[in-house]
């Protein structure tokens, strides 16, 4: 269960935003790994759903909101300012967060966004943090727990979260070969 609002640390928003950024980067890395339906597609979809749910959960913390068209889809762009005065921006599809749900005071265009701050969180740390702080479990969004890659059965869920089937991998990430998206972060990607 997520902590009560009164139990949040001073850097709570920054910590949650860093976790969302890490999850978003990992999802984009899986975009590049797609070769049809399979392991990476199931993980990618679960990561994007986790990101969207987390952003919907903290949308009221946004300093500003804009509606954009990105890749032919209408999206909501949420701008955040954390305790270090760093600015963060993330896009959410309008079907995941309708503009009407947001406070009209947030609908302004006065934020000049720069690149999101970098983060050194692993995907495992980010998913664990989102589960702990917001009660969002990426494993709940995995459509298929296992896939067959032609030579072995791969576990799609993340073993660091509840409801995961433990895989036989040695590092517990649940990946076929500890992919970069579970261990390292590419901090140059923007949301």
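In the numbering used here, the protein residues as written are 10 to 200. Here a beta-carbon is modelled for each residue, glycine too, at the ideal position from N, C-alpha and C. Predicted model only: the values in this text are computed from it and were never measured.
How should residue 91 be labelled, buried or exposed, when 16 other C-beta atoms within 10 angstroms of its C-beta is the threshold for buried? Buried, because 16 or more other Cβ atoms sit within 10 Å of the Cβ of residue 91.
What is the DSSP secondary structure of residue 157, counted as helix, strand or coil? Three-state DSSP puts residue 157 in a strand.
Candidates 68, 61, 130, 25: closest to residue 109 by CA position: Of the listed residues, the one whose Cα sits closest to residue 109 is 68.
contact_flag[the stretch 97-104, the stretch 73-88] where n(CB pairs < 8 Å) is 3 or more: By the C-beta criterion, the stretch 97-104 is judged to be in contact with the stretch 73-88, since at least 3 inter-stretch pairs fall below 8 Å.
How close, in whole Å, do the beta carbons of residue 143 and residue 25 come, if the pair is a contact with beta carbons under 8 Å? Taking 8 Å as the upper bound for CB-CB distance, residue 143 and residue 25 are in contact here, some 7 Å apart.
Taking just the CA atoms, how far does residue 51 sit from residue 70? Rounded to the nearest angstrom, the two C-alpha atoms are 30 Å apart.
For a test of the three-state rule: what should DSSP assign to residue 170, helix, strand or coil? DSSP places residue 170 in the coil class of the three-state scheme, outside both helix and strand.
By how many angstroms is the C-alpha of residue 23 removed from the C-alpha of residue 72? Going from the Cα of residue 72 to the Cα of residue 23 covers about 13 Å.
Local Cβ density within 10 Å of residue 146, reported as buried at 16 or more and exposed below that: Label assigned to residue 146: buried.
Is the beta carbon of residue 149 sitting closer than 9 Å to the one on residue 165? No, these two residues do not count as a Cβ contact at 9 Å.
Proximity winner among 65, 66, 38, 64, relative to residue 53 (alpha-carbon distances): The option with the nearest alpha carbon to residue 53 is 38.
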